[in-house]
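Each residue of the sequence shown is one higher than the one before, starting from 1 at the first, in this note's numbering.
Don't be surprised by glycine CBs; every beta carbon is placed ideally from N, CA and C.
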Amino acid sequence: MKLDRHAIGLAFLRGVESSFHHEVRFFEDTYALKLIPGTAFKLVSGLTKFRYFRNKIIKRYEKSVPGLYGNMVCRTRYMDEKLNEASLEGYKNVVIIGAGLDMRAYRIDGLESLNFFELDSAPMSDYKQKNIQPLIRTSQHVTYLPINLKNESLQQNLQEAGCDNTLKTLFIWEGQTQSLPETQVTSILKTVASFPKGSEIIFSYILKSLIPEYSQEEIEENLVKWQFGLEPQQVSAFLAKQGLQLVEDIDSIEFEKRYIQPSERALTCLKTEHTVLAKVNA
1 MKLDRHAIGL AFLRGVESSF HHEVRFFEDT YALKLIPGTA FKLVSGLTKF RYFRNKIIKR
61 YEKSVPGLYG NMVCRTRYMD EKLNEASLEG YKNVVIIGAG LDMRAYRIDG LESLNFFELD
121 SAPMSDYKQK NIQPLIRTSQ HVTYLPINLK NESLQQNLQE AGCDNTLKTL FIWEGQTQSL
181 PETQVTSILK TVASFPKGSE IIFSYILKSL IPEYSQEEIE ENLVKWQFGL EPQQVSAFLA
241 KQGLQLVEDI DSIEFEKRYI QPSERALTCL KTEHTVLAKV NA
């Protein structure tokens, strides 16, 4: 069974952040480290309760990709906040695209009245469902949908799962868009736009300038790592073509201003990734 290494890596970092004292951590995910497979990961996970090792882990990630850790914790915090707001504002559905080991449906209090639809590859979805059973009381508010996001229809899968597209819905799409062709990204966004006015999507994107020119042969042989990106000045017009209105496009400076500076933690954010909030306005 092939699991998504990116999803596992994100869960590990969420677990690291959750090991900090409640006064300084950006969020809490007590499930993350319990769900990670592999002996090596589990061994390292056990060390995160010690400040020295937590800091060593973060420094290692920061040395590899400066701003990676800070960006992840800020992005997660932001999405958590928007999910809480959606719950208070009467949203009925939450769709998590490429859910991985995301545990928002369980780790955030007060969301049991929402209908969660979590979409991911069959191996990832199966692994998660099997391994969360000893950790949770109930999963009746969560529907798991195995899907190949690269070529299957989001709209069709949601319809078949009973997701009511007449209800106000929040979509969360974290760290995924760069791995998909533009045609699939636009298809997913147009599906979001088919939901009622006021429905929202939060998604991240990388700067288009980072993506190299791939040959047709590389594309056909599935040798392409990143396929989709945007430039900030394009975002509003791009979303409008899909039937969505830009609410905010958050860069590293804004994340640092909102979350890192008040925390006084020595973190930075990626300058190459943005997080977008958009809404259905028709």
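Beta-carbon proximity check, residue i vs residue j, cutoff 9 Å
{"i": "E94", "j": "N71", "result": "Correcting the residue identity first, residue 94 is Val in this sequence and not Glu. Not a contact, by the Cβ cut-off of 9 Å."}
{"i": "K82", "j": "L277", "result": "yes"}
{"i": "L119", "j": "A11", "result": "no"}
{"i": "I206", "j": "V192", "result": "no"}
{"i": "T169", "j": "Y91", "result": "yes"}
{"i": "F20", "j": "R54", "result": "yes"}
{"i": "T30", "j": "R107", "result": "yes"}
{"i": "A7", "j": "G98", "result": "yes"}
{"i": "L189", "j": "L244", "result": "yes"}
{"i": "T138", "j": "F117", "result": "no"}
{"i": "W226", "j": "F203", "result": "no"}
{"i": "P181", "j": "F228", "result": "yes"}
Heavy atom of the ligand ATP within 8 Å of residue i beta-carbon
{"i": "C163", "result": "Annotation note on the ligand ATP: not contained in the displayed structure, which lists no ligands."}
Residues bridged to residue i [DSSP beta-bridge criterion]
{"i": "A278", "result": "I201, L246"}
{"i": "L170", "result": "V94, E200"}
{"i": "P146", "result": "D120"}
{"i": "E273", "result": "I206"}
{"i": "N115", "result": "N93"}
{"i": "L230", "result": "L207"}
Residue interval of the beta strand (DSSP E) (run including residue i)
{"i": "V95", "result": "93-97"}
Residues near residue i in its chain [Cβ-Cβ closer than 7 Å; skip 5 each side]
{"i": "K2", "result": "P123"}
Cβ-based neighbour list, residue i, same chain, cut-off 8 Å, excluding 5 preceding and 5 following
{"i": "S87", "result": "G110, L111, S113, L114"}
{"i": "N151", "result": "Q184"}
{"i": "K130", "result": "none"}
{"i": "A161", "result": "F117, T143, L145"}
Sequence-distant residues of the same chain with beta carbon closer than 6 Å to residue i, five excluded per side
{"i": "I58", "result": "Y69"}
{"i": "N157", "result": "L145, I147"}
{"i": "L33", "result": "G15, S45"}
{"i": "E256", "result": "C269"}
{"i": "E231", "result": "K208"}
Where the alpha helix (DSSP H) containing residue i begins and where it ends
{"i": "D102", "result": "Per DSSP, D102 belongs to no alpha helix (DSSP H) and is neither H nor E."}
{"i": "K241", "result": "235-241"}
{"i": "D80", "result": "68-88"}
{"i": "K2", "result": "First-last for K2: undefined, no H or E at that position."}
{"i": "T177", "result": "Counting along the chain, T177 falls outside any alpha helix (DSSP H), and DSSP gives it neither H nor E."}
{"i": "S252", "result": "252-255"}
{"i": "S153", "result": "No alpha helix (DSSP H) holds S153; DSSP gives it neither H nor E."}
{"i": "N165", "result": "N165 -> no alpha helix (DSSP H), and no H or E assigned at all."}
Original post:
Quick one: any contact between the region 195-215 and the region 162-173, if contact means 3 or more CB pairs under 8 Å?
Top reply: yes
Original post:
Can we say the region 63-78 touches the region 179-195, given the rule of at least three CB pairs closer than 8 Å?
Top reply: These segments do not touch.
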